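What follows is a short report on a single structure.
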Amino acid sequence: MDLVIRDACILDSGQLRRVDIGIQGAAIAAISPDLAVDAPELKAEGCLVVAGLIETHIHLDKTCILERCRIEEGTVAEAVRETAAAKRNFTVEDVYARGKRTLERCIAQGTTRMRTHVELDPGIGMTGLEAIEQLARDYAWAIDVELCVFPQEGLTNNPGTEELLIEGLRRGARTIGAVPYFDTDPRGQIDRIFAIAREFDAEIDMHLDLAETTDGMQIEYVCRKTEEYGWGGRVAVGHVTQMSLLAPERFGAIAAQLARAGVAVTILPSTDLHLMGRSHDHAVPRGVVPAEPLRRAGVTCSISTNNVLNPFTPYGDGSLIRMANLYANVCHVSRPSDLAGCLDMITGAAARLMRLEDYGIAVGGLADLVCLDANSPTEAIATLAPSLWGIKRGRPSFTRSRPQLHRPEN
(Lines of atoms letter the chains of each structure in order from A; the text may use other names.)
(Lines give C-alpha, C1' and ligand atoms only; values in the text may rest on other atoms or scores of the structure.)
Protein backbone atom coordinates (compact mmCIF):
# COMPACT_ATOMS: atom_id res chain seq x y z
CA MET A 1 0.00 0.00 0.00
CA ASP A 2 1.14 3.53 -0.75
CA LEU A 3 -1.21 5.18 1.77
CA VAL A 4 -3.71 4.14 4.46
CA ILE A 5 -6.53 6.36 5.66
CA ARG A 6 -7.22 5.45 9.27
CA ASP A 7 -10.62 5.54 10.99
CA ALA A 8 -12.72 6.96 8.17
CA CYS A 9 -16.49 7.14 8.48
CA ILE A 10 -18.00 6.16 5.12
CA LEU A 11 -21.53 5.65 3.84
CA ASP A 12 -21.88 2.04 2.67
CA SER A 13 -25.26 0.86 1.32
CA GLY A 14 -27.02 3.53 3.35
CA GLN A 15 -25.19 2.70 6.58
CA LEU A 16 -22.31 4.55 8.22
CA ARG A 17 -19.20 2.41 8.86
CA ARG A 18 -15.84 3.15 10.48
CA VAL A 19 -13.09 1.69 8.29
CA ASP A 20 -9.53 2.03 7.08
CA ILE A 21 -9.00 2.67 3.38
CA GLY A 22 -5.89 1.35 1.67
CA ILE A 23 -4.65 3.08 -1.47
CA GLN A 24 -2.29 1.68 -4.07
CA GLY A 25 -1.28 4.01 -6.85
CA ALA A 26 -4.38 5.91 -8.02
CA ALA A 27 -6.89 3.31 -6.83
CA ILE A 28 -8.56 2.10 -3.65
CA ALA A 29 -7.01 -1.28 -2.87
CA ALA A 30 -8.75 -2.24 0.39
CA ILE A 31 -11.58 -1.17 2.69
CA SER A 32 -11.70 -2.81 6.08
CA PRO A 33 -11.64 -2.05 9.80
CA ASP A 34 -8.09 -2.09 11.19
CA LEU A 35 -6.12 -2.77 8.01
CA ALA A 36 -2.92 -4.55 9.00
CA VAL A 37 -0.52 -2.86 6.60
CA ASP A 38 2.64 -0.85 7.04
CA ALA A 39 2.28 2.33 4.99
CA PRO A 40 2.15 6.10 5.42
CA GLU A 41 -1.04 7.08 7.22
CA LEU A 42 -3.60 9.85 6.90
CA LYS A 43 -5.91 10.16 9.89
CA ALA A 44 -9.63 10.75 9.45
CA GLU A 45 -10.34 10.52 13.22
CA GLY A 46 -13.87 9.27 12.65
CA CYS A 47 -14.81 12.07 10.28
CA LEU A 48 -16.91 11.52 7.19
CA VAL A 49 -14.92 10.58 4.10
CA VAL A 50 -16.71 10.87 0.76
CA ALA A 51 -15.75 10.57 -2.87
CA GLY A 52 -14.66 13.99 -4.12
CA LEU A 53 -17.29 16.70 -4.51
CA ILE A 54 -18.56 17.41 -8.03
CA GLU A 55 -19.28 20.84 -9.50
CA THR A 56 -21.68 20.13 -12.36
CA HIS A 57 -22.28 23.72 -13.55
CA ILE A 58 -19.86 26.63 -13.24
CA HIS A 59 -18.47 29.42 -15.46
CA LEU A 60 -14.72 29.75 -14.92
CA ASP A 61 -14.25 32.05 -17.91
CA LYS A 62 -16.30 34.93 -16.47
CA THR A 63 -15.51 34.54 -12.79
CA CYS A 64 -14.12 37.38 -10.64
CA ILE A 65 -15.13 40.38 -12.79
CA LEU A 66 -17.18 42.38 -10.29
CA GLU A 67 -14.77 45.31 -10.36
CA ARG A 68 -15.35 45.63 -14.12
CA CYS A 69 -19.15 45.63 -13.96
CA ARG A 70 -22.05 47.49 -12.41
CA ILE A 71 -25.01 45.94 -10.64
CA GLU A 72 -27.88 48.41 -10.49
CA GLU A 73 -30.89 46.26 -11.42
CA GLY A 74 -29.78 42.78 -10.45
CA THR A 75 -31.61 41.30 -13.43
CA VAL A 76 -30.64 38.58 -15.89
CA ALA A 77 -30.65 41.09 -18.75
CA GLU A 78 -28.29 43.42 -16.88
CA ALA A 79 -25.96 40.56 -15.99
CA VAL A 80 -25.71 39.47 -19.63
CA ARG A 81 -25.25 43.07 -20.80
CA GLU A 82 -22.54 43.91 -18.26
CA THR A 83 -20.69 40.63 -18.81
CA ALA A 84 -20.79 41.05 -22.58
CA ALA A 85 -19.22 44.49 -22.23
CA ALA A 86 -16.48 43.17 -19.93
CA LYS A 87 -15.90 40.19 -22.20
CA ARG A 88 -14.72 42.42 -25.03
CA ASN A 89 -11.50 43.01 -23.08
CA PHE A 90 -10.87 39.40 -22.04
CA THR A 91 -7.51 37.92 -22.98
CA VAL A 92 -6.24 34.38 -22.61
CA GLU A 93 -3.97 35.47 -19.75
CA ASP A 94 -6.79 37.32 -18.00
CA VAL A 95 -9.27 34.44 -18.25
CA TYR A 96 -6.61 32.02 -17.04
CA ALA A 97 -5.69 34.16 -14.02
CA ARG A 98 -9.29 34.69 -12.91
CA GLY A 99 -10.25 31.08 -13.57
CA LYS A 100 -7.25 29.96 -11.54
CA ARG A 101 -8.43 31.95 -8.50
CA THR A 102 -11.81 30.26 -8.48
CA LEU A 103 -10.51 26.83 -9.44
CA GLU A 104 -8.05 26.83 -6.54
CA ARG A 105 -10.86 27.82 -4.16
CA CYS A 106 -12.98 24.95 -5.44
CA ILE A 107 -10.13 22.46 -5.00
CA ALA A 108 -9.51 23.66 -1.44
CA GLN A 109 -13.23 23.18 -0.70
CA GLY A 110 -13.12 19.52 -1.74
CA THR A 111 -14.12 19.58 -5.41
CA THR A 112 -12.35 16.95 -7.52
CA ARG A 113 -14.54 16.99 -10.67
CA MET A 114 -16.05 19.90 -12.55
CA ARG A 115 -18.01 20.80 -15.67
CA THR A 116 -17.40 24.40 -16.70
CA HIS A 117 -19.27 26.30 -19.37
CA VAL A 118 -17.09 28.39 -21.68
CA GLU A 119 -18.62 31.11 -23.85
CA LEU A 120 -17.95 31.02 -27.58
CA ASP A 121 -19.21 33.70 -29.95
CA PRO A 122 -17.79 35.98 -32.66
CA GLY A 123 -16.94 38.64 -30.06
CA ILE A 124 -14.78 36.47 -27.81
CA GLY A 125 -13.79 33.80 -30.32
CA MET A 126 -11.79 30.96 -28.77
CA THR A 127 -10.11 33.12 -26.11
CA GLY A 128 -12.01 31.65 -23.15
CA LEU A 129 -11.72 28.10 -24.42
CA GLU A 130 -7.99 28.37 -24.96
CA ALA A 131 -7.47 29.70 -21.43
CA ILE A 132 -9.65 27.12 -19.68
CA GLU A 133 -8.16 24.27 -21.71
CA GLN A 134 -4.73 25.24 -20.40
CA LEU A 135 -6.04 25.71 -16.87
CA ALA A 136 -7.57 22.23 -16.95
CA ARG A 137 -4.26 20.73 -18.05
CA ASP A 138 -2.28 22.60 -15.40
CA TYR A 139 -4.55 21.50 -12.54
CA ALA A 140 -5.22 17.93 -13.63
CA TRP A 141 -3.22 16.80 -10.58
CA ALA A 142 -6.07 18.06 -8.35
CA ILE A 143 -9.26 18.16 -10.41
CA ASP A 144 -10.79 16.81 -13.62
CA VAL A 145 -12.30 19.69 -15.59
CA GLU A 146 -14.79 18.95 -18.36
CA LEU A 147 -15.52 21.75 -20.85
CA CYS A 148 -18.97 22.67 -22.12
CA VAL A 149 -19.06 25.03 -25.12
CA PHE A 150 -21.76 27.63 -24.51
CA PRO A 151 -23.58 30.25 -26.68
CA GLN A 152 -24.47 32.82 -23.98
CA GLU A 153 -25.53 35.53 -26.45
CA GLY A 154 -27.66 33.31 -28.68
CA LEU A 155 -27.21 30.90 -31.57
CA THR A 156 -29.70 31.39 -34.40
CA ASN A 157 -29.55 35.17 -33.87
CA ASN A 158 -25.75 35.31 -33.64
CA PRO A 159 -24.12 34.24 -36.95
CA GLY A 160 -20.76 32.55 -36.55
CA THR A 161 -21.50 31.12 -33.12
CA GLU A 162 -22.44 27.66 -34.34
CA GLU A 163 -19.15 27.29 -36.17
CA LEU A 164 -17.26 28.18 -33.00
CA LEU A 165 -19.24 25.66 -30.93
CA ILE A 166 -18.40 22.98 -33.46
CA GLU A 167 -14.74 23.97 -33.41
CA GLY A 168 -14.77 23.67 -29.61
CA LEU A 169 -16.22 20.17 -29.82
CA ARG A 170 -13.61 19.20 -32.38
CA ARG A 171 -10.94 20.43 -29.98
CA GLY A 172 -12.14 18.02 -27.34
CA ALA A 173 -15.01 19.60 -25.41
CA ARG A 174 -17.36 16.78 -24.36
CA THR A 175 -20.50 18.85 -23.78
CA ILE A 176 -22.51 21.47 -25.64
CA GLY A 177 -24.57 24.07 -23.80
CA ALA A 178 -27.58 26.14 -24.74
CA VAL A 179 -29.51 29.19 -23.57
CA PRO A 180 -32.78 29.27 -25.53
CA TYR A 181 -34.24 32.19 -23.58
CA PHE A 182 -31.61 34.51 -25.08
CA ASP A 183 -32.31 33.42 -28.64
CA THR A 184 -34.84 35.00 -30.97
CA ASP A 185 -35.84 31.45 -31.91
CA PRO A 186 -35.69 29.39 -28.68
CA ARG A 187 -36.90 26.13 -30.20
CA GLY A 188 -34.70 26.64 -33.22
CA GLN A 189 -31.71 26.80 -30.89
CA ILE A 190 -32.82 23.68 -29.04
CA ASP A 191 -33.23 21.82 -32.32
CA ARG A 192 -29.74 22.77 -33.51
CA ILE A 193 -28.11 21.86 -30.20
CA PHE A 194 -29.60 18.37 -30.29
CA ALA A 195 -28.53 17.92 -33.91
CA ILE A 196 -24.97 19.04 -33.17
CA ALA A 197 -24.82 16.83 -30.07
CA ARG A 198 -25.81 13.79 -32.10
CA GLU A 199 -23.25 14.61 -34.80
CA PHE A 200 -20.42 14.85 -32.24
CA ASP A 201 -21.75 12.32 -29.70
CA ALA A 202 -21.76 15.11 -27.10
CA GLU A 203 -23.54 15.60 -23.79
CA ILE A 204 -26.05 18.46 -23.56
CA ASP A 205 -26.19 20.91 -20.63
CA MET A 206 -28.74 23.69 -21.10
CA HIS A 207 -29.54 26.88 -19.25
CA LEU A 208 -33.33 26.71 -19.35
CA ASP A 209 -36.50 28.50 -18.26
CA LEU A 210 -34.87 31.28 -16.23
CA ALA A 211 -37.76 33.70 -15.68
CA GLU A 212 -40.23 35.00 -13.10
CA THR A 213 -43.41 33.79 -14.81
CA THR A 214 -44.48 30.48 -16.31
CA ASP A 215 -44.85 31.89 -19.81
CA GLY A 216 -42.83 30.32 -22.62
CA MET A 217 -41.46 27.34 -20.73
CA GLN A 218 -39.38 24.99 -22.89
CA ILE A 219 -38.79 22.13 -20.46
CA GLU A 220 -41.46 19.89 -21.95
CA TYR A 221 -40.12 20.48 -25.45
CA VAL A 222 -36.60 19.58 -24.30
CA CYS A 223 -37.97 16.34 -22.84
CA ARG A 224 -39.65 15.49 -26.13
CA LYS A 225 -36.45 16.21 -28.10
CA THR A 226 -34.46 14.08 -25.65
CA GLU A 227 -36.76 11.13 -26.29
CA GLU A 228 -36.78 11.79 -30.04
CA TYR A 229 -32.97 11.68 -30.21
CA GLY A 230 -32.57 8.85 -27.71
CA TRP A 231 -30.41 11.12 -25.55
CA GLY A 232 -31.81 10.08 -22.17
CA GLY A 233 -29.22 10.29 -19.40
CA ARG A 234 -27.15 12.71 -21.49
CA VAL A 235 -29.17 15.91 -21.06
CA ALA A 236 -29.09 18.27 -18.08
CA VAL A 237 -30.97 21.52 -17.58
CA GLY A 238 -29.93 24.24 -15.15
CA HIS A 239 -31.93 26.99 -13.43
CA VAL A 240 -35.53 26.05 -14.48
CA THR A 241 -36.74 28.74 -12.08
CA GLN A 242 -40.11 28.73 -13.80
CA MET A 243 -40.80 25.29 -12.37
CA SER A 244 -40.63 26.78 -8.87
CA LEU A 245 -43.78 28.78 -9.73
CA LEU A 246 -45.91 25.82 -10.83
CA ALA A 247 -48.87 24.38 -9.00
CA PRO A 248 -48.28 20.85 -7.67
CA GLU A 249 -50.28 19.08 -10.37
CA ARG A 250 -48.32 20.53 -13.31
CA PHE A 251 -45.04 20.32 -11.38
CA GLY A 252 -45.67 16.62 -10.83
CA ALA A 253 -46.51 16.04 -14.50
CA ILE A 254 -43.28 17.70 -15.63
CA ALA A 255 -41.27 15.81 -13.00
CA ALA A 256 -42.64 12.55 -14.39
CA GLN A 257 -41.78 13.67 -17.92
CA LEU A 258 -38.21 14.55 -16.88
CA ALA A 259 -37.77 11.14 -15.26
CA ARG A 260 -39.20 9.30 -18.25
CA ALA A 261 -37.04 11.23 -20.74
CA GLY A 262 -33.87 10.95 -18.64
CA VAL A 263 -33.33 14.71 -18.30
CA ALA A 264 -31.38 15.77 -15.19
CA VAL A 265 -31.86 19.04 -13.30
CA THR A 266 -29.14 21.23 -11.82
CA ILE A 267 -30.21 23.66 -9.11
CA LEU A 268 -28.23 26.89 -8.85
CA PRO A 269 -29.48 28.47 -5.61
CA SER A 270 -27.13 31.41 -5.22
CA THR A 271 -27.60 32.74 -8.75
CA ASP A 272 -31.34 32.17 -8.86
CA LEU A 273 -31.90 33.84 -5.50
CA HIS A 274 -29.93 36.85 -6.70
CA LEU A 275 -31.57 37.23 -10.11
CA MET A 276 -35.18 36.23 -9.52
CA GLY A 277 -37.95 38.31 -7.97
CA ARG A 278 -36.59 41.65 -9.13
CA SER A 279 -39.95 42.69 -10.58
CA HIS A 280 -41.76 42.17 -7.26
CA ASP A 281 -42.03 44.70 -4.43
CA HIS A 282 -43.51 42.21 -1.95
CA ALA A 283 -43.99 38.44 -1.60
CA VAL A 284 -40.79 38.09 -3.63
CA PRO A 285 -40.48 34.63 -5.25
CA ARG A 286 -37.27 32.77 -4.51
CA GLY A 287 -36.93 31.12 -7.91
CA VAL A 288 -35.16 28.01 -6.55
CA VAL A 289 -36.77 24.80 -7.78
CA PRO A 290 -37.23 22.19 -5.01
CA ALA A 291 -35.30 19.00 -5.69
CA GLU A 292 -37.02 16.67 -3.25
CA PRO A 293 -40.22 16.10 -5.30
CA LEU A 294 -38.09 15.75 -8.44
CA ARG A 295 -35.87 13.14 -6.78
CA ARG A 296 -38.90 11.25 -5.50
CA ALA A 297 -40.16 11.14 -9.10
CA GLY A 298 -36.87 9.61 -10.23
CA VAL A 299 -35.16 12.70 -11.64
CA THR A 300 -31.39 12.98 -11.22
CA CYS A 301 -30.64 16.31 -9.52
CA SER A 302 -27.45 18.17 -8.65
CA ILE A 303 -26.68 21.40 -6.81
CA SER A 304 -23.98 23.65 -8.21
CA THR A 305 -22.33 27.07 -7.98
CA ASN A 306 -22.86 28.55 -11.47
CA ASN A 307 -21.11 31.90 -11.12
CA VAL A 308 -18.64 33.44 -8.67
CA LEU A 309 -18.11 37.17 -8.14
CA ASN A 310 -19.74 38.49 -11.29
CA PRO A 311 -23.06 40.21 -12.16
CA PHE A 312 -24.90 36.89 -12.27
CA THR A 313 -23.77 36.01 -8.73
CA PRO A 314 -21.81 38.63 -6.76
CA TYR A 315 -20.83 36.08 -4.11
CA GLY A 316 -18.99 32.80 -3.81
CA ASP A 317 -16.08 30.93 -2.28
CA GLY A 318 -16.17 27.71 -4.29
CA SER A 319 -17.76 25.70 -1.49
CA LEU A 320 -20.31 23.15 -2.65
CA ILE A 321 -21.13 22.36 0.97
CA ARG A 322 -22.12 25.99 1.44
CA MET A 323 -24.21 25.86 -1.75
CA ALA A 324 -26.02 22.73 -0.58
CA ASN A 325 -26.64 24.33 2.81
CA LEU A 326 -28.00 27.47 1.12
CA TYR A 327 -30.34 25.32 -0.94
CA ALA A 328 -31.50 23.50 2.20
CA ASN A 329 -32.27 26.80 3.94
CA VAL A 330 -34.21 28.21 1.01
CA CYS A 331 -36.21 25.08 0.22
CA HIS A 332 -37.18 24.19 3.82
CA VAL A 333 -35.07 21.03 3.87
CA SER A 334 -34.90 19.76 7.44
CA ARG A 335 -35.56 16.00 7.55
CA PRO A 336 -32.29 14.12 8.10
CA SER A 337 -32.78 12.01 4.98
CA ASP A 338 -33.37 15.10 2.84
CA LEU A 339 -30.32 16.86 4.29
CA ALA A 340 -28.30 13.77 3.43
CA GLY A 341 -29.83 14.02 -0.03
CA CYS A 342 -28.30 17.48 -0.37
CA LEU A 343 -24.87 15.91 0.05
CA ASP A 344 -25.80 13.29 -2.54
CA MET A 345 -26.60 16.09 -4.99
CA ILE A 346 -22.97 17.27 -4.87
CA THR A 347 -21.52 13.74 -4.88
CA GLY A 348 -23.24 10.58 -6.13
CA ALA A 349 -26.16 12.15 -8.00
CA ALA A 350 -23.81 14.71 -9.56
CA ALA A 351 -21.64 11.81 -10.75
CA ARG A 352 -24.66 10.19 -12.37
CA LEU A 353 -25.52 13.45 -14.12
CA MET A 354 -22.00 13.59 -15.58
CA ARG A 355 -21.98 9.84 -16.30
CA LEU A 356 -18.84 9.21 -14.26
CA GLU A 357 -18.33 5.46 -14.17
CA ASP A 358 -15.24 5.47 -11.91
CA TYR A 359 -16.83 7.42 -9.04
CA GLY A 360 -17.41 6.25 -5.49
CA ILE A 361 -15.69 4.56 -2.56
CA ALA A 362 -15.13 0.96 -3.59
CA VAL A 363 -12.21 -1.43 -3.97
CA GLY A 364 -10.74 -0.92 -7.41
CA GLY A 365 -12.27 2.53 -7.71
CA LEU A 366 -10.41 5.77 -8.22
CA ALA A 367 -8.93 7.18 -5.01
CA ASP A 368 -10.56 10.62 -5.19
CA LEU A 369 -11.52 11.30 -1.57
CA VAL A 370 -12.39 14.21 0.69
CA CYS A 371 -12.59 14.28 4.49
CA LEU A 372 -15.40 16.46 5.90
CA ASP A 373 -15.35 17.65 9.51
CA ALA A 374 -18.61 15.89 10.34
CA ASN A 375 -19.83 12.51 11.48
CA SER A 376 -22.64 12.02 8.96
CA PRO A 377 -24.01 13.41 5.67
CA THR A 378 -26.78 15.20 7.56
CA GLU A 379 -24.31 16.90 9.89
CA ALA A 380 -22.03 17.83 6.99
CA ILE A 381 -24.77 19.91 5.34
CA ALA A 382 -26.38 21.25 8.51
CA THR A 383 -23.11 22.52 10.00
CA LEU A 384 -21.36 23.68 6.82
CA ALA A 385 -18.63 21.16 7.57
CA PRO A 386 -15.26 22.26 6.16
CA SER A 387 -13.15 19.94 4.04
CA LEU A 388 -10.10 18.91 6.08
CA TRP A 389 -8.09 17.22 3.33
CA GLY A 390 -8.43 15.81 -0.13
CA ILE A 391 -6.86 13.09 -2.25
CA LYS A 392 -6.80 13.03 -6.05
CA ARG A 393 -5.84 9.75 -7.74
CA GLY A 394 -4.21 8.53 -4.55
CA ARG A 395 -2.16 11.66 -3.95
CA PRO A 396 -2.90 14.32 -1.29
CA SER A 397 -4.12 17.49 -3.01
CA PHE A 398 -4.90 19.87 -0.12
CA THR A 399 -5.11 20.09 3.66
CA ARG A 400 -6.91 22.48 5.99
CA SER A 401 -6.21 22.85 9.69
CA ARG A 402 -9.00 23.11 12.23
CA PRO A 403 -9.10 26.41 14.16
CA GLN A 404 -7.71 26.31 17.66
CA LEU A 405 -9.11 28.16 20.66
CA HIS A 406 -6.62 29.81 23.01
CA ARG A 407 -7.90 29.88 26.59
CA PRO A 408 -6.45 32.56 28.83
CA GLU A 409 -3.86 31.40 31.30
CA ASN A 410 -4.88 31.51 34.97
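Numbering follows UniProt numbering, with no gaps: position 351 of the sequence shown is 351. Glycine included, each C-beta is placed from N, C-alpha and C at the ideal position. Since the model is a prediction, treat every value here as computed from it, not as a measurement.
- In this chain, F182 is not harboured by any alpha helix (DSSP H), its DSSP state being neither H nor E.
- In the structure shown, the three-state DSSP call for S401 is coil.
- N157 carries a coil assignment under DSSP once its states are collapsed to helix, strand and coil.
- Residue environment: R407 is assigned as exposed (fewer than 16 neighbouring CB atoms within 10 Å of its CB, all protein chains considered).
- The alpha carbon of L294 has as its nearest neighbour, out of S13, R260, R400, the alpha carbon of R260.
- The beta carbon of P180 lies closer than 6 Å to those of P186, Q189, I190, Q218 in the same chain, with the five residues before and after it left out.
- For V80, the enclosing alpha helix (DSSP H) starts and ends at 76–87.
- Nearest to V288 by C-alpha distance, out of Q152, I267, S13, is I267.
- Going by C-alpha positions, L405 is about 34 Å away from D38.
- Here F312 carries a coil assignment [DSSP, helix/strand/coil].
- Taking all protein chains in view, the Cβ of Q152 is crowded by 16 or more other Cβ atoms within 10 Å, so the residue is classified as buried.
- Within the DSSP secondary-structure output, C47 pairs in no beta bridge.
- In the structure shown, N306 falls within a strand segment according to DSSP collapsed to helix, strand and coil.
- The residues G74, F312, T313, P314, Y315, in chain order, have a CB closer than 8 Å to that of H274 in the same chain once the five nearest residues on each side in sequence are set aside.
- By the C-beta density criterion, G22 is buried, having at least 16 other C-beta atoms within 10 angstroms.
- Between E212 and Q242, the alpha-carbon positions lie close to 6 Å from each other.
- Counting only unbroken stretches of 4 or more residues, the alpha helix (DSSP H) elements lying wholly within the region 160–237 are 161–170, 186–200, 219–229, in sequence order.
- Comparing C-alpha distances from E130 to each of E227, T102, G168, R101 shows the shortest one belongs to G168.
- Taking I58 as the centre and dropping the five residues before and after it, the same chain places the C-beta of T102, C106, M114, R115, T116, H117, S304, T305, N306, N307, V308 closer than 8 Å to its C-beta, in chain order.
- Assignment of M114 by DSSP, reduced to helix, strand and coil, places it in the strand class.
- C-alpha of A30 to C-alpha of D20: approximately 8 Å in a straight line.
- Assigned with DSSP and collapsed to three states, A350 falls in helix.
- The alpha carbon of G230 has as its nearest neighbour, out of A195, S244, R335, the alpha carbon of A195.
- For V50, the closest C-alpha among the options I28, E228, A291 is that of I28.
- The Cβ-Cβ distance between I346 and I132 does not fall below 9 Å.
- With respect to the C-alpha of L369, the residue from S376, G252, G390, A349 having the closest C-alpha is G390.
- Boundaries of the beta strand (DSSP E) around I28: 27–32.
- Residues of the same chain with a CB within less than 8 Å of the CB of A385, apart from the 5 flanking positions on each side, are L48, I321, L372, D373, A374, E379 in chain order.
- Rounded to whole angstroms, the separation of the alpha carbons of D272 and M206 is 15 Å.
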